[in-house]
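Reviewing the structure listed below.
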Amino acid sequence: MKRSTFTRAALAAALAAAPLAIPPVVAEEALVASHADGPPATTTERLARGRYLVTVAGCNDCHTPWHQGPNGPEPDMSRMLSGHPGDAEVSPPPQPAGPWIVAAVATNTAWSGPWGVSFTANLTPDPETGLGRWTQRNFTETIRTGRHLGRGRPVLPPMPIPMYRNFTDEDLEAIFTYLQSIPPVRNRVPEPLPPGTAVAQATQ
Amino acid sequence: MDRLHRAILLAVLLVTMPVTLAATTRRAATGDPPPLPSRLSDTGLFHAGSPTLLHEGVLPFAPQYPLWSDGSEKRRWIYLPPGTAIDAADPDAWQFPAGTRLWKEFRHGRAIETRYIERLDDGRWRFAAYVWDGQGRDAVLAPEQGAVLEGGPAGRYLVPSRTDCLACHEGPAVPVLGFSALQLSSDRDPLAPHADPARAGQLDLAYLVATGRLVNLPAALLTKPPRIAARTPVERAALGYLHGNCGHCHDPAGALDGLDLVLAQRADPGADSVARVRQSLLDRASRFRPHGLPDPKRVALDGHSPSTLMLRLSSTSPLARMPPIGVQRVDDEGVALVERWITEERHHQEEARR
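These protein sequences, in sequence, are chains A and B.
Mapping to numbering that gives the first Met the number 0: the first sequence position 132 is 131, numbers consecutive.
Mapping to numbering that gives the first Met the number 0: the second sequence position 37 is 36, numbers consecutive.
Dropping the structure here:
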């Protein structure tokens with residue numbers, strides 16, 4: 000399913016009425032009903048619920064690169080949800096020792112563990128490097144199956160697929176609607192690396 | 000199982016493990032049919048206690064472009080309820096009647112697993128896998144999240160989860176993958192890797208039409224059975240191989256249309272599917288960018304750059320290989336065939352430029 004012109008116009012109108020900055024989420028948004036037993040949600044309602052869900056589900060924790068803010072590390076919202084910076088140099092991950100098995104880079108967007116090295120995806124609607132060409136079906140099936148586009152490689156930790164796969168269809172529609180409305184960021188995220196692969200060669 | 004595979008398997012299990020409670024709740028809410036039979040013999044394939052004695056109406060078939068499954072020997076069957084027929088008005092999206100059942104058996108010396116598809120009365124499809132006992136007497140329903148068995152050429156045998164079944168079978172317009180106009184054409188490709196040889200009495204389009212099990216098939220496909228309209232025999236076999244192994248996901252009518260990567264062939268000659276596949280592959284930029292390759296092509300024709308198509312077909316990493324499900328070993332014969340096609344295409348283009 001591709002977004003229609005109508006949908007794009009509705010998204011633009013809804014965005015004009017809704018501030019883009021993520022935090023704080025106002026209390027009313029937390030109360031947006033899921034409409035499971037009522038009429039379908041309007042685009043504006045879906046957008047608001049999607050924004051709320053993306054915020055409280057912690058998507059920015061890993062998909063927005065962190066930087067040092069005035070009060071310490073925080074998501075760099077100028078690169079909101081654009082994933083691991085493709086131009087960042089990342090040294091090979093430390094070798095795990097003892098009970099420690101996971102390491103993350105300072106941006107919180109690259110993770111090393113028993114699965115290899117995963118780089119968080121660009122969730123913005125950029126057509127070449129983000130979700131711009133994805134459909135609602137692609138997104139829903141990715142979350143439901145834990146596979147890229149619902150049928151490709153595994154989506155790797157720390158993406159909490161076992162929890163997120165329990166989102167309702169309506170929630171996933173709201174999340175995808177919101178993600179398609181945010182500013183596109185052109186950022187090509189590296190492919191994941193299998194265990195034992197050197198990272199230095201991979202990150203420019 | 001080596002450390003790499005164990006680690007990736009752990010990660011895969013973590014992200015694919017179904018939440019049974021949620022699934023059960025969904026089933027209750029949607030009024031699903033009775034549970035799947037616990038034994039394969041109860042699905043209607045063979046008589047209990049006599050696995051070689053098939054039920055009446057169960058027909059064996061063999062697609063001309065089979066899926067590579069780590070070298071498994073495979074057998075396939077279909078059952079159509081009496082008095083029903085497949086509607087082939089759209090030659091590339093057959094409509095199967097309610098009650099249709101299909102089975103595919105995987106063997107490595109002995110029967111390991113049989114996969115099962117059934118069309119329900121409400122039109123939905125359901126999928127299951129059955130694991131054979133060591134004596135070959137019967138098979139039992141595998142867990143919904145799949146299973147890992149010891150054995151097989153890769154040292155472990157992966158029984159797919161239901162989610163994995165859907166990943167492949169719900170990609171295209173119709174979830175039946177190997178029973179189609181092109182796959183059952185009597186004009187079988189002699190270069191198709193791992194295919195059963197053509198033989199008299201083989202189930203094909205003419206047989207299905209003559210027995211009334213296939214209706215509304217365009218007459219032209221009987222007088223001229225479907226054939227990939229390739230330039231050379233090698234191209235025909237290579238594109239057929241990609242169709243059988245990759246076309247169920249990379250189909251313009253399927254879920255991955257946004258990738259603009261077409262590997263499916265059409266029986267309808269008007270679809271010009273050879274041109275579509277060539278256009279989406281040859282010298283086209285790849286969205287999959289392996290580390291160290293800044294500007295890769297899906298199929299590079301310059302004679303020295305790697306093609307991501309070949310990298311993915313030749314990879315054993317679960318993070319890169321294609322197809323991503325049901326394969327642990329590289330299909331050397333299939334890879335060599337596709338490589339021959341690329342080389343042939345490069346020479347053809349070089350000659351054209353002279």
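All C-beta atoms, glycine included, are put in the ideal place defined by N, C-alpha and C.
Being a predicted model, the structure only gives us computed values, none of them experimental.
- Annotation: the continuous alpha helix (DSSP H) that includes Pro161(A) extends over 160–163.
- Look at the beta carbons and you see the region 213–220 of chain B touching the region 77–95 of chain B: at least three pairs across the two are nearer than 8 Å.
- Proximity of the region 189–204 of chain B to the region 58–67 of chain B meets the contact definition, three or more beta-carbon pairs being nearer than 8 Å.
- Contact annotation, Arg136(B) with Pro80(B): C-beta distance approximately 27 Å; criterion of less than 8 Å not satisfied.
- Listed along chain B are Arg288, His290, each with a C-beta nearer than 9 Å to that of Pro189(A).
- Under the Cβ criterion of 8 Å, Glu169(A) is not counted among the residues facing chain B.
- Every beta strand (DSSP E) stretch that sits fully inside the region 112–166 of chain A and reaches 3 residues is listed by chain position as 115–118.
- With 16 or more neighbouring CB atoms inside 10 Å of its own CB, Leu258(B) falls in the buried class.
- In this structure the region 76–86 of chain A touches the region 120–134 of chain A; the number of beta carbon pairs closer than 8 Å is three or more.
- Membership of Leu176(B) in any alpha helix (DSSP H) is not indicated, and neither H nor E is assigned to it by DSSP.
- Proximity of the region 160–177 of chain B to the region 128–146 of chain B meets the contact definition, three or more beta-carbon pairs being nearer than 8 Å.
- The three-state secondary structure of Gly43(B), taken from DSSP, is coil.
- With the rule of 3 Cβ pairs closer than 8 Å, the region 331–348 of chain B counts as touching the region 226–239 of chain B.
- In the structure shown, the three-state DSSP call for Phe60(B) is strand.
- Spatial neighbours of Gln182(B) in its own chain (CB-CB distance under 7 Å, excluding positions within 5 residues in sequence) are listed in chain order as Pro62, Gln63, Tyr64.
- DSSP, read as helix, strand or coil, puts Leu171(A) in helix.
- Residue state for Ser306(B) is assigned as strand, using DSSP reduced to three classes.
- Taking a C-beta distance under 8 Å as the contact criterion, Pro295(B) and Ser285(B) qualify as a contact pair.
- Ala96(A) counts as exposed, since fewer than 16 other C-beta atoms from the protein chains shown sit within 10 angstroms of its C-beta.
- Inclusion of His54(B) and Leu44(B) in the CB contact set at 8 Å is warranted, their separation being smaller than that value.
- Residue pairing of Ser49(B) in beta bridges, as defined by DSSP: His46(B).
- Within chain A, the residues whose beta carbon sits less than 9 Å from that of Pro323(B) are Arg146, His147, Arg150, Gly151, Arg152, Pro153, listed in sequence order.
- Less than 8 Å divides the Cβ of Ala103(A) from the Cβ of Trp110(A).
- The Cβ-Cβ distance between Glu112(B) and Trp131(B) falls below 8 Å.
- Measuring C-alpha to C-alpha distances from Ala335(B) to each of Arg353(B), Met309(B), Gly325(B) identifies Met309(B) as the nearest.
- Taking 8 Å as the cut-off, the Cβ atoms of Arg328(B) and Ala153(B) count as close.
- Secondary structure of Trp340(B) (DSSP, three-state): helix.
- If only uninterrupted beta strand (DSSP E) runs of at least 3 residues are considered, those enclosed by the region 134–198 of chain B are 138–140, 146–149, 155–158.
- The alpha-carbon separation between Pro182(A) and Thr54(A) amounts to approximately 16 Å.
- Taken in chain order, the whole beta strand (DSSP E) runs of length 3 or more contained in the region 67–139 of chain B are 72–78, 100–107, 109–118, 124–131.
- With 16 or more other Cβ atoms from the protein chains shown falling within 10 Å of its own Cβ, Leu52(A) counts as buried.
- Below the 9 Å Cβ cutoff, chain B contributes no neighbours of Trp110(A), its closest Cβ being approximately 11 Å away.
- When secondary structure is reduced to three states using DSSP, Arg38(B) falls in the strand class.
- For Pro289(B), no beta strand (DSSP E) encloses it, and the DSSP letter there is neither H nor E.
- Judged by DSSP secondary structure, Gly82(A) falls outside any beta strand (DSSP E); it is assigned neither H nor E.
- As the crow flies, the alpha-carbon of Gly269(B) is around 21 Å from that of Cys248(B).
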